[in-house]
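The block underneath contains the structure these notes are about, expressed in structure tokens.
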Amino acid sequence: MNKGKVWINLRDSFWFLPTIYSILSIIAVAITALIDQWIISEYKNNIPSLFLTKSSVAQTLYGSMVTSILTMTTISFSTIMVVLTTYTTQFSPRTLQDFMKSRVTQHVLGVFSFGFIFSLINLFLIGKEPGLGLVSPLFTVIVSIICLAFFILFIHHSSRFLKVNNLIGAIRKSTSTLIAKTFEEKDYQTATEWDDSELKALDRSQAHVIPAQKSGYVQSVQYDSLIKWAKNHTLILETSFLMGDYIQKGMPLFYYWKDADNELTNPKECTAYVLIGNERIDTQDVEFSIQKLVEIAVRAISPSLNDPHTATNCINRIGSLLIELASVYEPIRYYIDNDDQLRLIAQPKSFEEYLYKSFYQIKIYGYHDISVMNSVLESLYKIAATQSQAVQEDVWTFSNTIINAVKVEELDELDFKRFNNEVEKLAEACNKDFSLPNS
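To convert a position in the sequence shown, counted from 1, into my numbering, add 26.
Shown next as structure tokens:
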């Protein structure tokens, strides 16, 4: 497996940090035991008895520590189950990833693992004969205080995550970072246009096919590694997928063009640079990150919750993210190497696609709520008012579907007036002459 895939799987796994803390606890036991033996053998007579701990006292201390940590861990896992249930029923199952991958959650369980293993091993090493200790009992007291502090931190962290506004804000912040990373912090060269004569020579019927090795969602693509691989093998690759697509095993993943006299011995090597998993993740998938907010909004306007204010909050954040996306968005299709040679062709997602996926479900389920539709139009207006003419055309094209979804003839006078104001404001921002027929 590719090293990048291994690191992503390890980093995002729930047991990675607790395992690291557990290994550190074993090392801490060895270090404190050696220091204790050295201090007792060298300076026992010079140390006041107040600072020395008998084995019986240490045994009680370690036993109490083990019991306390087990209790705190049980409460923490119960809290996690409450959060997971709340997310699944009220927000979106997709948002579970944000809580479970939170470093605070993983560090808390890691600290608990450290304290439990440290105390348990020390309890085992005490032995039956009476003895004295200094560093190990003192360090155990410090660890217990740290565990208590992390337990309080975890309760605070969980309570914040249960507040929908904090969750929406966290998703918005992480998505904003992802947008900047995807379009501004690239470590490879790209182009939006390329020589037509060179492209015409790439006949799809003459291309070789590299099939997918497994089924699942495209989670991330290591473009830099793909470009280097294509350069090393002097060929041109073309992807047959978009980020977040579901890939079926055996279907074409890449097409490539190479001289017939120099065939590849193992073309499947490049599939290692495409991470395919059982679920979508937000490592590179901007659309999926935005869809988390969409799902929260859709659930908020459902009859079971009936919370249009939460939906409006999500719509405002989606609009803000689309403004950020539009300001840095590039329809990247061509990827080149250091010698300015074309190495990879990929079909980009258009801004119109991002716009559609952001609001079409809200339109389907929220057309009957005029406050929700007004919020969508207001967000579209803010996008159009701050972006280029090309973006304005995409916004206006999509806004017609929003306007047509509302049954204007059924609106009362005040609702119609407010809705019409939003429509006229949006039309003006898009440089269009449009107004609703008077009901």
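Built from N, CA and C at the ideal position, the CB exists for glycine as well.
Beta-bridge partners of W283, as assigned by DSSP: Start at 1 with the first residue of the sequence shown, and residue 283 comes out as number 257. Paired residue(s): I262.
Please state whether the Cβ-Cβ distance between I253 and C173 is less than 8 Å. Counting from one through the sequence shown, the residue named residue 253 turns up at place 227. Counting from one through the sequence shown, the residue named residue 173 turns up at place 147. No, these two residues do not count as a Cβ contact at 8 Å.
Evaluate contact between the stretch 353-368 and the stretch 420-428, counting only Cβ atoms and requiring at least three cross-stretch pairs below 8 Å. no
Give a yes or no on contact between the stretch 405-419 and the stretch 430-441, applying the rule of three or more CB pairs nearer than 8 Å. no
Between I327 and V244, which are expected to be in contact by the criterion C-beta below 8 Å, what is the C-beta distance as a whole number of angstroms? Taking the sequence shown and counting its residues from 1, one reaches residue 327 at position 301. Taking the sequence shown and counting its residues from 1, one reaches residue 244 at position 218. That belief does not hold up - the Cβ atoms of I327 and V244 are roughly 30 Å apart, past 8 Å.
Quick one: grab the DSSP three-state call for Q310. Along the sequence shown, read from residue 1 onward, the residue named residue 310 stands at position 284. Q310 falls in the coil class under three-state DSSP.
C-beta atoms of L193 and H133 nearer than 8 Å: The residue you call residue 193 lines up with position 167 of the sequence shown. The residue you call residue 133 lines up with position 107 of the sequence shown. Not closer than 8 Å, so no.
As assigned by DSSP and simplified to three states, the class of L502: Since the displayed the chain opens at 27 and closes at 465, residue 502 lies outside it and no answer follows.
When DSSP labels each residue in this structure, what does V235 get in the three-state scheme? Reading the sequence shown from its first residue, position 209 is the one you call residue 235. Residue state, collapsed to three classes: strand.
Delimiting residues of the beta strand (DSSP E) encompassing Y214: Taking the sequence shown and counting its residues from 1, the one referred to as residue 214 is at position 188. Premise fails: Y214 is in no beta strand (DSSP E) and is neither H nor E.
Could you tell me whether the stretch 258-274 touches the stretch 318-326, using the rule of 3 or more Cβ pairs below 8 Å? no
Within the same chain, show all residues whose beta-carbon is closer than 7 Å to that of E356, passing over the 5 residues directly before and after it, in chain order. Within the sequence shown, residue 356 is the residue found at index 330, counting from 1. The answer, listed in chain order, is F209 and T218.
What residue from F314, I307, V109 and S315 has the CA that sits closest to F187's CA? Here residue 187 is taken as the residue at index 161 of the sequence shown, counted from 1. The residue with the shortest Cα to Cα distance from F187 is V109.
P293 in three-state terms, based on DSSP: Along the sequence shown, read from residue 1 onward, the residue named residue 293 stands at position 267. Helix, per DSSP.
Of all the options N447, P334 and L452, which has the alpha carbon lying nearest to the alpha carbon of D395? Counting from 1 along the sequence shown, the entry for residue 395 is found at position 369. Residue P334 is the option with its Cα nearest to D395.
So who's on the other strand from V300, going by DSSP bridges? Translated into the one-based positions of the sequence shown, residue 300 becomes position 274. The partner list for V300 (beta bridge, DSSP) reads V247.
Spatially closest choice to I52 from V161, I147 and F138, by CA coordinates: By 1-based counting over the sequence shown, the position of residue 52 is 26. Nearest C-alpha to I52: I147.
Beta-carbon proximity check, E305 vs K383, cutoff 8 Å: As a first step, residue 305 is located in the sequence shown; it is residue number 279 there, counting from the start. As a first step, residue 383 is located in the sequence shown; it is residue number 357 there, counting from the start. No, they are not a contact pair.
Between which residues of its own chain and L228 is the CB-CB distance below 6 Å, once the five residues before and five after are set aside? Indexing the sequence shown from 1 puts residue 228 at position 202. Around L228: W283.
Given N457, which residues of its chain have a CB within under 6 Å of its CB, disregarding the five upstream and five downstream residues? For this step, residue 457 is matched to residue 431 along the sequence shown. Excluding positions up to five away in sequence, the list is empty.
Looking at the secondary structure, which residues open and close the beta strand (DSSP E) in which Y407 lies? Your numbering for residue 407 matches position 381 in the sequence shown. Where Y407 is concerned, there is no enclosing beta strand (DSSP E), although the alpha helix (DSSP H) it sits in stretches over I396 to T412.
Residue(s) in a DSSP beta bridge with I362: The sequence position of residue 362 within the sequence shown is 336, counting from 1. In the DSSP output, where bridge partners are listed per residue, I362 has Q215 and L368.
Taking DSSP's pairing of strands, which residues face G242 in a bridge? In the sequence shown, residue 242 corresponds to position 216, counting from 1. According to DSSP, which records beta bridges pairwise, G242 is partnered with I273.
On a Cα-Cα basis, can you pick out the residue from I307, K294, T201 and I49 that is closest to I143? If you number the sequence shown from 1, residue 143 lands on position 117. It is I49 whose Cα lies nearest to the Cα of I143.
For the stretch 316-345, list the beta strand (DSSP E) runs that are entirely contained and at least 3 residues long, ordered along the chain. none
A410: buried (16+ other C-beta within 10 angstroms of its C-beta) or exposed? By 1-based counting over the sequence shown, the position of residue 410 is 384. The residue is buried, with at least 16 neighbouring Cβ atoms inside 10 Å.
Using beta-carbon positions only, say whether V169 and F150 come within less than 8 Å of one another. Residue numbering aside, residue 169 sits at position 143 when the sequence shown is read from its first letter. Residue numbering aside, residue 150 sits at position 124 when the sequence shown is read from its first letter. No, the Cβ-Cβ distance between V169 and F150 is not below 8 Å.
Do the stretch 336-352 and the stretch 367-374 meet, that is, are 3 or more Cβ pairs less than 8 Å apart? no
Buried or exposed (CB count within 10 angstroms, at least 16 for buried), I171: Along the sequence shown, read from residue 1 onward, the residue named residue 171 stands at position 145. When all chains shown are included, I171 counts as exposed.
Out of curiosity, what's the CA-to-CA distance linking P293 and T131? Position 267 of the sequence shown, counting from 1, holds the residue named residue 293. Position 105 of the sequence shown, counting from 1, holds the residue named residue 131. When rounded, the distance between both Cα atoms is 41 Å.
Does the beta-carbon of N400 have 16 or more other beta-carbons within 10 angstroms, so that it is buried, or is it exposed? As a working mapping, residue 400 is identified with position 374 in the sequence shown. N400 comes out buried.
Backbone CA spacing between S184 and K212 [nearest angstrom]: Locating residue 184 in the sequence shown gives position 158, where the first residue counts as 1. Locating residue 212 in the sequence shown gives position 186, where the first residue counts as 1. Taking the straight line from one Cα to the other gives about 34 Å.
If you follow the alpha helix (DSSP H) that D420 is part of, which residue opens it and which one closes it? In the sequence shown, the residue the question calls residue 420 occupies position 394. Its alpha helix (DSSP H) spans residues Q415 to A431.
Measure the alpha-carbon distance for Y391 versus F442 and round it to whole angstroms. Residue 391 sits at position 365 when you count from the first residue of the sequence shown. Residue 442 sits at position 416 when you count from the first residue of the sequence shown. Going from the Cα of Y391 to the Cα of F442 covers about 20 Å.
Determine the burial state of G345: buried for a count of at least 16 other Cβ atoms within 10 Å of its Cβ, exposed for fewer. Numbered from its first residue, the sequence shown carries residue 345 at position 319. Buried, since its Cβ has 16 or more Cβ neighbours within 10 Å.
Rounded separation between D366 and E264 - CA only: Start at 1 with the first residue of the sequence shown, and residue 366 comes out as number 340. Start at 1 with the first residue of the sequence shown, and residue 264 comes out as number 238. Rounded to whole angstroms, D366 to E264 spans 17 Å at the Cα level.
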